[in-house]
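Residue numbers (our numbering): 20 to 280. Idealized CB from N, CA, C, for every residue including glycine. The structure under discussion appears below in the form of structure tokens.
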Ligand code: KIV
């Protein structure tokens with residue numbers, strides 16, 4: 020049965036199924052088909068695709084148009100998983116109206132929900148409006164990569180008590196505003212555990228320990244396709260090296276006349 024926002028919400032409220040939620044990212048039709056066929060519960064078209072698929076150093080240069088192209092491609096590859104799309108930097112910050120337009124465009128492209136970064140009052144207000152207009156929202160607190168310049172790098176967040184209290188308060192405010200789940204990125208495991216206990220909506224961790232209601236990783240990291248992986252990623256295959264070797268074999272066979280036979 021295809022996964023819905025309602026099913027993700029009930030997952031935590033009923034404790035059924037009694038297992039964590041598995042989330043993977045996708046950026047094109049092939050990655051979407053792979054992740055969906057693998058049985059991921061949620062496919063996230065994360066703005067990490069700016070770095071993974073487009074070669075930027077941060078997620079900041081990604082445009083709404085870039086994201087729409089990728090979202091439409093992913094839609095064509097996903098059958099069962101819930102499809103969530105990140106709103107890129109500067110597509111929701113300036114006004115409620117822009118946020119609704121950007122998020123609505125993602126739904127028209129086939130997304131079932133959008134994800135916004137941050138938990139300060141401005142973001143919380145956007146979430147409240149989007150939810151009122153029937154657009155489901157996943158929150159994202161802790162290391163929010165669109166604020167990389169503010170953080171001075173992709174650093175672990177929530178290490179001091181003041182920071183931890185702020186992140187917990189942000190997560191609660193996002194829940195209050197109507198978010199149906201929240202990504203907790205690169206924060207101490209104890210903080211993620213406390214947030215998970217305090218909320219009635221599922222938390223999805225990435226570099227946030229084992230106590231979250233679900234886990235997400237960037238698929239290019241899981242498959243060993245990316246040139247660099249963050250310290251918390253687990254790499255399950257070495258496809259980058261295998262792909263290089265296959266391509267080298269092709270080049271060699273063309274040059275030696277072995278291919279075509
Ligand atoms: O952009 C992304 O891929 C994300 C996940 C890593 C949570 O936001």
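Task: Among 274, 263, 273 and 228, the one whose alpha carbon lies nearest that of residue 244 - done: Cα-wise, what sits closest to residue 244 is 263.
- [ ] Check whether the Cβ atoms of residue 177 and residue 135 sit closer than 8 Å, and answer yes or no.
- [x] no
TODO: Name the one or two DSSP bridge partners that residue 222 has.
DONE: DSSP, once it has assigned bridges, lists 201 as partnering residue 222.
- [ ] Evaluate residue 20 with the Cβ neighbour count: other Cβ atoms within 10 Å of its Cβ, from every protein chain shown; 16 or more gives buried, anything less gives exposed.
- [x] exposed
Task: residue 33 (DSSP reduced to helix, strand or coil) - done: helix
TODO: Run the proximity test for residue 159: is its beta-carbon closer than 7 Å to any non-hydrogen atom belonging to the ligand KIV?
DONE: yes
Open item on the list: So if DSSP puts residue 177 in a beta bridge, which residue, or which two residues, is it bridged to?
Closed with: DSSP lists no partner for residue 177.
Open item on the list: Assuming contact is defined by CB atoms lying nearer than 8 Å, are residue 150 and residue 190 in contact in what I supplied?
Closed with: Not in contact: residue 150 and residue 190 (Cβ atoms no closer than 8 Å).
Open item on the list: Since residue 158 and residue 186 should fall inside the 8 Å C-beta cutoff, what is the C-beta to C-beta distance between them, to a whole number of angstroms?
Closed with: Not really, about 11 Å apart at Cβ, beyond 8 Å.
TODO: Report yes if the C-beta distance between residue 125 and residue 133 is below 8 Å; otherwise report no.
DONE: yes
Task: Range of the contiguous beta strand (DSSP E) that encloses residue 41 - done: 40–44
TODO: Go to residue 141, then tell me how far its alpha helix (DSSP H) extends in each direction, as first and last residue.
DONE: 140–151
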